[in-house]
């Protein structure tokens, strides 16, 4: 009987000392496809929003040799979706939920993808 009490005490101690979980791909970390140098993507909302809706999004990693690209789908009235695009093939999503936007996630994508979005040349920081 003492073992479950000790186990519960350890679990409570571990969870109480854990720090807050930071949200990833917040609005400040999102970049539109037309402003992301290695992303080609888009979305469509077809049909009526309530009857027979067809929502789809797609993204292509144009710099797949540099690593994984993370894409956030902003869906109205539903949980946002995240796509991990590693290859240069088009990754598609179809499902429920009215799409409001598709974005490249600066904070979640491969660290070699840290582009300097303030320059007109769109080169990776440390390279170019």
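Residue numbers (mature numbering (1 follows the signal peptide of the UniProt record, and there is no 0)): -23 to -1, 1 to 105.
The beta-carbon is built from N, C-alpha and C at its ideal position, and this holds for glycine as well.
- [ ] Evaluate contact between the segment 4 to 16 and the segment 28 to 40, counting only Cβ atoms and requiring at least three cross-stretch pairs below 8 Å.
- [x] yes
- [ ] Would you identify the three-state DSSP class for residue 7, choosing helix, strand or coil?
- [x] By one-based count along the chain shown, residue 7 stands at place 30. Note: residue 7 maps to strand in three-state DSSP.
Open item on the list: Quick check: the Cα distance between residue 44 and residue 64, rounded to an integer number of angstroms?
Closed with: For the purposes of this step, residue 44 is identified with residue 67 of the chain shown, where counting begins at 1. For the purposes of this step, residue 64 is identified with residue 87 of the chain shown, where counting begins at 1. Between residue 44 and residue 64, the C-alpha separation is close to 8 Å.
Task: Simplified DSSP state of residue 66, which is helix, strand or coil - done: Sequence index remark: in the chain shown, residue 66 carries index 89 (1-based). If DSSP states are grouped into helix, strand and coil, residue 66 belongs with coil.
TODO: Pull up the DSSP beta-bridge partners for residue 52, would you.
DONE: Within the chain shown, residue 52 is the residue found at index 75, counting from 1. The partner list for residue 52 (beta bridge, DSSP) reads 76.
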